[in-house]
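The opening residue of the sequence shown carries number 95 in our numbering; numbering runs sequentially from there. Cβ coordinates follow ideal geometry from the N, Cα and C atoms, glycine included. Single-structure report; data block below.
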Amino acid sequence: MGRLFTPMDYWANAMQVGWVIAEAQGVIAMRMMGAMGLWSVSKSENSRMLNEKIFAFAKGGTDASLAMLAGKSPDVVASLAIKPIRQATRSNHKRLIKRGLKRA
């Protein structure tokens with residue numbers, strides 16, 4: 095018999111989604127400030143923004159689908175769907191926060 099999942103397994107996934115939401119809001123704010131000329135962003139930021147979303151959602155969907163086909167528990171499936179999105183938001187937030195406000 096497989097491992098029994100607990101409410102804490104679902105709580106861990108909910109926390110990861112919470113981090114995705116919080117970091118995504120910060121990334122959106124920094125990118126918008128970059129578009130206005132207030133935040134230091136690279137010229138490739140707009141294309142990067144689109145490409146990373148496609149990759150993260152495709153990877154999460156593929157990993158979650160394979161886990162479902164393998165009979166994994168719902169918490170594992172959700173975790174695999176969230177993981178690449180969380181990695182993208184975390185790395186974007188760290189990268190953009192380091193760039194900081196644009197100097198005059």
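Look up residue 174 in the DSSP assignment and say whether it is helix, strand or coil. helix
Would you please state the rounded distance, in angstroms, between the beta carbons of residue 154 and residue 177? I believe it to be under 8 angstroms. 7 angstroms
Identify every residue that forms a DSSP beta bridge with residue 195. 133
Start-to-end residues for the alpha helix (DSSP H) that takes in residue 159: 139-163
Confirm, please, whether the CB-CB distance from residue 158 to residue 179 is below 7 angstroms. no
Candidates 185, 187, 182, 173, of which the one nearest residue 108 by Cα: 173
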